[in-house]
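Visitor:
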């Protein structure tokens, strides 16, 4: 699978004293320096692949762009200075469309972003919360509870690289009305996986992502809620726990936040009105039908 995975020799030990030497498949983690117009903006640790989507999604998340036509193009170039340096495909220079303002120095990352943190390189606390161009609070998207509960399994079934390595996060964008998977991306960083999804949407001219659900394989952090809001995604679901700040931000944005989505149960922390339950369906039935149902119960 190219630079996405790599084989390394390992020793497998068992408590009964036996051991076995064998090769193991690992997810690749390499730095990506994102530049805009030749000026360094950020360095993130990511799994190579879909780098242009990652950069586009990152710029949407940071509020630099809000539409795909504001992203003119991107090219991989060599390392620092680029003069005679072999292209390692770890530096991506983005060109913005004419008239689009370059990133403010306030959002420049003062140090690199690790695969576990998408905001830890922010230059100031004030720069953490970015105002979205889209208002998700008015999105009338709704999703049936059984469909919502089935999204983690649908996501897991499509994680090809995770099957080989067990070491990648995934983010999948689904249609809320049908449950159809629109796109899935994997990465060592959960925030990178989401940026790749958002970048795919931007480059496909699909922003804002109204009527969609973003299902992620890990926890729901503040940064993921922020990225969903910046892309106009009304529903974010995670298989693990949300943080308190994630819930606060989702509540203030009018975004539906779901956590612990596992099997037959899930927790809805904000805007539960978007999740259609059996009781909702019953309440929508004509009065005569509800009465007949109560008679036969």
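Residue numbers (our numbering): 1 to 297. Heads up, the beta-carbon is just placed ideally off N, CA and C, and yes, glycines get one too. Every value quoted in this text rests on a predicted model; they were computed, and no experiment measured them.
#1: Count the other CB atoms, across all protein chains shown, that sit within 10 Å of the CB of residue 13; report buried if there are 16 or more and exposed otherwise.
#2: In terms of residue numbering, what span does the beta strand (DSSP E) encompassing residue 76 cover?
#3: Are the beta-carbon atoms of residue 11 and residue 28 separated by less than 8 Å?
#4: Contact check, residue 130 vs residue 19 under 8 Å by CB: the rounded distance?
#5: Taking C-alpha atoms, which residue in 278, 24, 251 lies nearest to residue 138?
#6: Output the boundary residues of the alpha helix (DSSP H) element that contains residue 136.
#7: Taking the alpha-carbon of residue 209 as reference, which of 17, 57, 98 has the nearest alpha-carbon?
#8: What three-state label does DSSP hand residue 64 in the structure shown?
#9: Closest by CA to residue 201, which one among 175, 145, 179?
#10: Rounding to the nearest angstrom, what Cα-Cα distance links residue 37 and residue 31 in this structure?
#11: Leaving out the 5 sequence neighbours to the left and right, which residues in its chain are closer than 8 Å to residue 278 when beta-carbon positions are compared?
#12: Does the Cβ-Cβ distance between residue 304 and residue 242 come in under 8 Å?
#13: Anyone know if the C-beta pair for residue 207 and residue 67 falls short of 8 Å?
#14: Can residue 52 and residue 148 be called in contact, C-beta distance under 8 Å?
#15: Look at the alpha carbon of residue 90 and the alpha carbon of residue 74, and state the distance between them as a whole number of angstroms.
#16: Which residue or residues does DSSP assign as beta-bridge partners of residue 36?
#17: To the nearest angstrom, how far is the alpha carbon of residue 220 from that of residue 160?
#18: In chain order, what residues of the same chain lie with their CB nearer than 7 Å to the CB of residue 143, ignoring the 5 residues before and after it?
#19: Beta-carbon separation of residue 179 and residue 44 under 8 Å?
#20: Quick one: Cα of residue 173 to Cα of residue 266, how far?
#21: Please classify residue 152 as buried or exposed, where buried requires at least 16 other C-beta atoms within 10 Å of its C-beta.
#22: State the start and end residues of the unbroken beta strand (DSSP E) segment that holds residue 238.
#23: Residue 46: buried (16+ other C-beta within 10 angstroms of its C-beta) or exposed?
#24: What does the Cβ neighbour count give for residue 170, buried or exposed, with the cut at 16 atoms within 10 Å?
#25: Exposed or buried, residue 295, counting other C-beta atoms within 10 Å across all chains shown (16 or more means buried)?
#26: CA-CA distance, residue 100 and residue 133?
#27: Among the candidates 203, 154, 49, whose CA atom is the shortest distance from the CA of residue 237?
#28: Alpha carbon to alpha carbon, how far is residue 197 from residue 63?
#29: Using the Cα positions of residue 231 and residue 191, report the straight-line distance between them to the nearest angstrom.
#30: Does the ligand COA have even one heavy atom less than 7 Å from the beta-carbon of residue 142?
#31: Along the chain, where does the beta strand (DSSP E) containing residue 187 start, and where does it finish?
Guide: Taking the geometry as given:
#1: For the purposes of this step, residue 13 is taken as the residue at position 13 of the chain shown. Counting Cβ neighbours within 10 Å, residue 13 comes out exposed, since fewer than 16 surround it.
#2: Numbered from 1 along the chain shown, position 76 holds the residue referred to as residue 76. Looking at the DSSP string, the run of the beta strand (DSSP E) that includes residue 76 is 71-77.
#3: For the purposes of this step, residue 11 is identified with residue 11 of the chain shown, where counting begins at 1. For the purposes of this step, residue 28 is identified with residue 28 of the chain shown, where counting begins at 1. It is not a contact, given that the beta carbons lie outside the stated cut-off.
#4: Taking the first residue of the chain shown as 1, we reach residue 130 at position 130. Taking the first residue of the chain shown as 1, we reach residue 19 at position 19. 50 Å between Cβ atoms; not a contact.
#5: The residue labelled residue 138 in the question sits at position 138 within the chain shown. Of 278, 24, 251, the residue nearest in Cα terms is 251.
#6: Counting from 1 along the chain shown, the entry for residue 136 is found at position 136. No alpha helix (DSSP H) holds residue 136; DSSP gives it neither H nor E.
#7: The residue given as residue 209 occupies position 209 in the chain shown. The candidate whose alpha carbon is nearest that of residue 209 is 57.
#8: Numbered from 1 along the chain shown, position 64 holds the residue referred to as residue 64. Residue 64 falls in the coil class under three-state DSSP.
#9: For the purposes of this step, residue 201 is taken as the residue at position 201 of the chain shown. Among 175, 145, 179, the Cα nearest to that of residue 201 is on 175.
#10: Counting from one through the chain shown, the residue named residue 37 turns up at place 37. Counting from one through the chain shown, the residue named residue 31 turns up at place 31. Approximately 19 Å between the Cα atoms of the pair.
#11: Locating residue 278 in the chain shown gives position 278, where the first residue counts as 1. Closer than 8 Å at Cβ, skipping near neighbours: 145.
#12: Because residue 304 is not part of the residues shown, which for the chain are 1 to 297, the question remains open.
#13: Looking up residue 207 in the chain shown gives position 207. Looking up residue 67 in the chain shown gives position 67. Yes, these two residues count as a Cβ contact at 8 Å.
#14: Reading the chain shown from its first residue, position 52 is the one you call residue 52. Reading the chain shown from its first residue, position 148 is the one you call residue 148. In this structure, residue 148 does not lie closer than 8 Å to residue 52 by Cβ.
#15: For this step, residue 90 is matched to residue 90 along the chain shown. For this step, residue 74 is matched to residue 74 along the chain shown. Cα to Cα, the separation comes out at about 13 Å.
#16: As a first step, residue 36 is located in the chain shown; it is residue number 36 there, counting from the start. According to DSSP, which records beta bridges pairwise, residue 36 is partnered with 39, 94.
#17: Indexing the chain shown from 1 puts residue 220 at position 220. Indexing the chain shown from 1 puts residue 160 at position 160. The alpha-carbon atoms of residue 220 and residue 160 are separated by roughly 22 Å.
#18: Your numbering for residue 143 matches position 143 in the chain shown. 176, 213, 235, 274, 275, 276, listed in sequence order.
#19: The count along the chain shown starts at 1 and reaches residue 179 at position 179. The count along the chain shown starts at 1 and reaches residue 44 at position 44. Contact: no.
#20: Your numbering for residue 173 matches position 173 in the chain shown. Your numbering for residue 266 matches position 266 in the chain shown. Each residue's Cα considered, the two are about 18 Å apart.
#21: What you label residue 152 is simply residue 152 of the chain shown in a count that begins at 1. Buried, because 16 or more other Cβ atoms sit within 10 Å of the Cβ of residue 152.
#22: Position 238 of the chain shown, counting from 1, holds the residue named residue 238. Note, residue 238: beta strand (DSSP E), 235-238.
#23: The residue you call residue 46 lines up with position 46 of the chain shown. So residue 46 counts as buried.
#24: For the purposes of this step, residue 170 is identified with residue 170 of the chain shown, where counting begins at 1. Label assigned to residue 170: buried.
#25: Residue 295 sits at position 295 when you count from the first residue of the chain shown. Per-residue confidence for residue 295 stands at a pLDDT of 33, beneath the threshold of 50, marking its modelled position as unreliable; no derived number is given.
#26: Position 100 of the chain shown, counting from 1, holds the residue named residue 100. Position 133 of the chain shown, counting from 1, holds the residue named residue 133. Computed Cα separation, rounded: 15 Å.
#27: Translated into positions along the chain shown, residue 237 becomes position 237. Measuring from the Cα of residue 237, the nearest candidate turns out to be 154.
#28: As a first step, residue 197 must be located in the chain shown, where it is residue number 197. As a first step, residue 63 must be located in the chain shown, where it is residue number 63. Each residue's alpha carbon lies about 16 Å from the other.
#29: Here the question's residue 231 lines up with position 231 in the chain shown. Here the question's residue 191 lines up with position 191 in the chain shown. About 13 Å.
#30: The ligand COA is not part of the structure shown, which contains no ligands of any sort.
#31: Locating residue 187 in the chain shown gives position 187, counting from the first residue. Segment 181-187, the beta strand (DSSP E) holding residue 187.
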